[in-house]
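Visitor:
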Amino acid sequence: MSRRQYLALVRRDLLGETRRLQSLLSMVIFAVVAMVVLHYGWHAGAGSAWAADGSGAVPAAMLWVVFVFAALLGLGRTFAHEREDDCLDALLLLPVDRFVLFLAKATTNLLLLVVLQAIVVPVFALFFLDVTAWRLLAFVPVALLADVGMAAVGTLLATLVLHARSRDLVLPVALLPLLVPLLIAATSATEAVVDQGAGLGSIAGRLGFLAAYDAVMLLVAWGTYDILVSE
Amino acid sequence: MTADETRNPCISAVPMSPRERLYSAPALFLWAALVLVAGVLLAFLVAPIDASSMGFSQKIFYFHAPIAETALVAFGVSFVSAIVSLRRGAEHASGVGEQLEVAAVRLGLVFSGLVLVTGMIWGRAAWGVWWAWEPRLTTFLLAVLVYAAYFVVRAAVDDEGRRAVVGSVYAIVAFVTVPITFFATRYLPEGLHPVVITSSGARMEGSMVLAFVVCTAGMLLLLAALLRTEVTIARAQAHVSRVKEEIERRQAAGPAPDRAGVATPGGAAERGEPMEGTGRSTR
Amino acid sequence: MSAATPGGAPTPSGQGPGGIVVQGLTRRFDRREVLRGVDLSVAPGGLLLVLGANGAGKTTLLRILATLLRPGAGRVTVAGTDVRQEPEAVRRSVGFVGHAPLLYGDLTLGENLRFFAAAYGIGSPAKRIADVVDGVELSLRYDDPVRELSRGMRQRAALARALLHRPSVLLLDEPYAALDERARVLLDGILDEESGGTTIVLVTHEPERPLRWATETVRLEDGVAVPVDGRGDSSGGRR
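For the record, the sequence lines run as chains B, E and G. The opening position of the first sequence corresponds to residue 1129 in the numbering used here, with each subsequent residue numbered one higher. The opening position of the second sequence corresponds to residue 551 in the numbering used here, with each subsequent residue numbered one higher. The opening position of the third sequence corresponds to residue 100 in the numbering used here, with each subsequent residue numbered one higher.
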């Protein structure tokens, strides 16, 4: 008898999944994007110390892979307090421009990301890298610019899925692909600066790109936030 | 619903003028087919076989590049449609604009998938590898992922109005990400040797250019035909839903004098009187 | 622009600071038309009671007045300002008490109110907060996390939050629900104090209590506002 019940349960679940296709499709998308991110973490620069050496050392750019996945978890919490206490209306009632709400939330996320990095990066260096602290410092401008972009897009997307179901699944799936260009630039710059010890001047183009990415995303948020967050 | 709204929008009350017939959906398909066939003929019979190492398989370029451009045009349509919808305000977000946006994204996704397939075939023919992390392939891979997520995001929102707004905002962010990604893969990191699928540059001869242009035009016409069809189908479906609701509403109101839905401002309505004509518009 | 005499007879139009005018308001959710052409006006200082069955659209109407929801068609003016043109200005003048207390559970009552005071740009916030907390008799709970307050206390705290910035318009959605008798008397006191000066819209299922301050009453039926006479019966043509 329990075998029939078991089958009935499985069948019902599968039926539900096919109705809404979401879970499988989401996981597939995420897996493929993760592979893209992995590629850029692993092959961030030609002629890098890692490539030549191949002794099993990990490229510095891989820290972005670690970091972005951790960040995805944190960004999902953007409106957690308002949702848990059912007080989103409290913010919407305030006599402030809705974009200011965005900036406030994005700033909090930015601080969160910076603190996370300050903890994760040294640990990563400890486990995997063999570089002096100086080189790690050179990584800071790259990190900051990238963090601004991640906070901006992350906050915007968190608002997008504010009223959605399966939020915890949808946010990472929707956000990660959008971060790929940012990660391409960040991993490349990190590789140059940390593994190869290049100077900041040589990554000026990449830093400029990151700044441009940040600007574009902030612009999109500015243009769309009011209509997005209102009902 | 007013008498106007019960009429099926997909069947024109006034016969189409000859001009309109020229760009109706069936006509567009016809045009597309004609042009594409011409393009194929030009590509295979008129254009010379490429002098490079690729030889005959270079001809896939006549499809790969036009499909790529058409995909980008489709995404561009979704981008513009999204902006227009949002500018008109949330009340107008769902409607024809939304249907166009969704259709454009879906078609862009399909075309992008084809870009990947033709690109991989090209890559296999030219360099013996199925995949290379080069700008065009990577960008279109990302486009596929980003726009597939578009549907995931939309499916997660239950409220119709919100879904339209959310979809439009995502469509905008997604679209700006595509050229940004292309730029990123092509120009940085400096030092990576990308295997670039070139369009053979200025070395294209006249007949090659012609074949290329004709194929591009054909693809764009195909896109137009598909878009038009999708939007028409979506409108028809929406119309059916509206009619169903109206039927339910009238059944619920009962056979007696139809007092449901009468609202005269000021509260001076004489209630309970039989209604003349159809009920209030649900718009 | 007719001026209202505080506590006097309501003027026919709601123009002027603090008044509310709604003309032809429609609003739909997912194809269901909740409001189908609501017309009403509240004179500055007046108190409007809104009655109606569940799902009639009372909360929707209130949320539109608070700019939490966008109106569909129609014109909505609150405190002399169009909600579409200048929603921020409207929010500055509006105090809203809904079903949720709109307070952060992890923060204390004091922290919550300090946040709102800063967000509303209130001068000398400490004094104002103390006054308002006193007014709802929650001074003893000032440093307790809101999460630990009972439902009735949270409702009182919500009132404090709504009154903090001295709004010229108060929107109350079933404010008596979840209040014990003592708190109800408190609310009565607040209504007594505010009415005549502040414009109030009160949605309720128990009209008897606030009736004494009501300057007009409407019932939402089929998406329109029907005027109601003093005894709570619907009548037509009384405008």
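Ideal Cβ positions, reconstructed from N, Cα and C, are used throughout, including at glycine. Just so it is clear, the structure is predicted and the values come from calculations on it, not from any experiment.
#1: Against B:Ala-1343, what residues of chain E qualify as contacts under a CB-to-CB distance less than 8 Å, listed in chain order?
#2: Does the separation of the CB atoms of G:Leu-161 and G:Val-323 fall below 8 Å?
#3: By the three-class DSSP mapping on this structure, what secondary structure does G:Thr-303 have?
#4: DSSP three-state label for G:Glu-320, please.
#5: Is it right to say G:His-304 is buried, meaning 16 or more other beta carbons lie within 10 angstroms of its own, or is it exposed?
#6: Round the Cβ separation of G:Gly-179 and G:Gly-118 to the nearest angstrom and send it over; I've been treating them as touching at under 8 Å.
#7: Where DSSP assigns a beta bridge to G:Phe-195, which residues make up the other side?
#8: Assuming G:Ala-313 contacts G:Leu-146 under a Cβ cut-off of 8 Å, what Cβ separation, rounded to an integer in Å, is found between them?
#9: Can you tell me whether G:Val-327 is buried or exposed? The criterion is at least 16 other CB atoms within 10 Å of its CB, across all chains shown.
#10: Does DSSP put B:Thr-1315 in a helix, a strand or coil?
#11: Could you check whether G:Arg-265 and G:Met-252 sit closer than 8 Å to each other, using their CB atoms as the reference points?
#12: Rounded to the nearest angstrom, what separates G:Val-149 and E:Arg-799 at their Cα positions?
#13: Using a threshold of 8 Å, state whether the C-beta atoms of G:Leu-319 and G:Gly-151 are closer than that.
#14: So, at 7 Å on beta carbons, what are the nonlocal neighbours of G:Leu-248 in its own chain, with the 5 sequence-adjacent residues on each side left out?
#15: Reducing DSSP to helix, strand and coil, say where E:Ser-750 ends up.
#16: Leaving out five residues on either side along the sequence, give the residues of the same chain with a beta carbon under 7 Å from the beta carbon of B:Gly-1175.
#17: I want to check one thing, is the minimum distance from the CB of E:Lys-794 to the heavy atoms of the ligand GDP below 7 Å?
#18: For E:Glu-648, which residues in chain G fall below 8 Å Cβ to Cβ?
#19: Going by DSSP, name the residue or residues bridged to G:Pro-244.
#20: Select from the region 1217-1239 of chain B all residues with a C-beta closer than 8 Å to any C-beta belonging to chain G, and list them in chain order.
#21: When you compare the CB positions of E:Leu-592 and E:Ala-624, do they come within less than 8 Å of one another, or not?
#22: If the cut is a Cβ gap below 8 Å, which residues of chain B does G:Ala-142 touch?
#23: Quick one: is E:Ile-797 buried, meaning 16 or more other Cβ sit within 10 Å of its Cβ, or exposed?
#24: I need the straight-line Cα distance from B:Ala-1179 to B:Ala-1189, nearest angstrom please.
#25: Work out the CA separation of B:Ala-1314 and B:Asp-1342 for me, nearest whole Å.
#26: I'd like the ranges of any beta strand (DSSP E) spanning at least 3 consecutive residues and lying wholly in the region 608-680 of chain E.
#27: When the Cα atoms are used, what is the spatial distance from B:Ala-1339 to B:Gly-1351?
#28: Only counting the same chain, and skipping five residues up and downstream in sequence, which positions put a Cβ closer than 8 Å to that of G:Ser-334?
#29: Residues in the same chain with beta-carbon distance under 8 Å from G:Asp-291, minus the five sequence neighbours each way, listed in chain order, please.
#30: Cα-Cα, which of B:Leu-1290, B:Thr-1236, B:Ser-1316 is closest to B:Met-1278?
#31: Closest to G:Gly-295 by C-alpha separation, out of G:Arg-191, G:Glu-210, G:Leu-269, G:Val-284, would be which residue?
#32: Would you say E:Leu-692 reaches chain B, if we count a Cβ-Cβ gap shorter than 8 Å as a contact?
#33: For the region 745-806 of chain E, list the alpha helix (DSSP H) runs that are entirely contained and at least 4 residues long, ordered along the chain.
#34: Roughly how many angstroms separate the alpha carbons of G:Pro-224 and G:Phe-215, rounded to a whole number?
#35: Mind listing, in chain order, the continuous beta strand (DSSP E) runs of no fewer than 3 residues lying wholly within the region 151-181 of chain G?
#36: In chain G, what lies closer than 9 Å to B:Glu-1359 by C-beta?
Guide: To lay it out plainly:
#1: Under the 8 Å cutoff, chain E gives no residues; its nearest Cβ is about 11 Å from B:Ala-1343.
#2: no
#3: coil
#4: strand
#5: exposed
#6: 6 Å
#7: G:Leu-270
#8: 5 Å
#9: buried
#10: helix
#11: no
#12: 26 Å
#13: yes
#14: Arg-240, Ala-256
#15: Any reading at E:Ser-750 is ruled out, since the residue's pLDDT is 48, under 50, leaving its predicted position unreliable.
#16: For B:Gly-1175, the predicted model reports a pLDDT of 41, less than 50, meaning its position is unreliable; a value from the coordinates is still stated below. So no residue of the chain qualifies.
#17: Because no ligand of any kind appears in the structure shown, any question about the ligand GDP cannot be addressed here.
#18: Neighbours of E:Glu-648 on chain G: none; closest Cβ ~14 Å, over 8 Å.
#19: G:Thr-207
#20: Asp-1217, Ala-1218, Leu-1220, Leu-1221, Leu-1222, Pro-1223, Val-1224, Asp-1225
#21: no
#22: By Cβ distance, chain B contributes nothing, its closest Cβ being about 24 Å from G:Ala-142, past 8 Å.
#23: exposed
#24: Because the pLDDT at B:Ala-1179 is just 47, under 50, the model does not fix this residue reliably, and the value given afterwards should be weighed accordingly. If I take the Cα positions, the gap works out to 12 Å.
#25: 12 Å
#26: none
#27: 18 Å
#28: With a pLDDT of 46 at G:Ser-334, under the threshold of 50, the modelled position of this residue cannot be trusted; read the value that follows with caution. Around G:Ser-334: Pro-326, Val-327, Asp-328.
#29: Trp-312
#30: B:Thr-1236
#31: G:Leu-269
#32: yes
#33: 756-803
#34: 10 Å
#35: 174-177
#36: Arg-162, Leu-167, Leu-168, Arg-169
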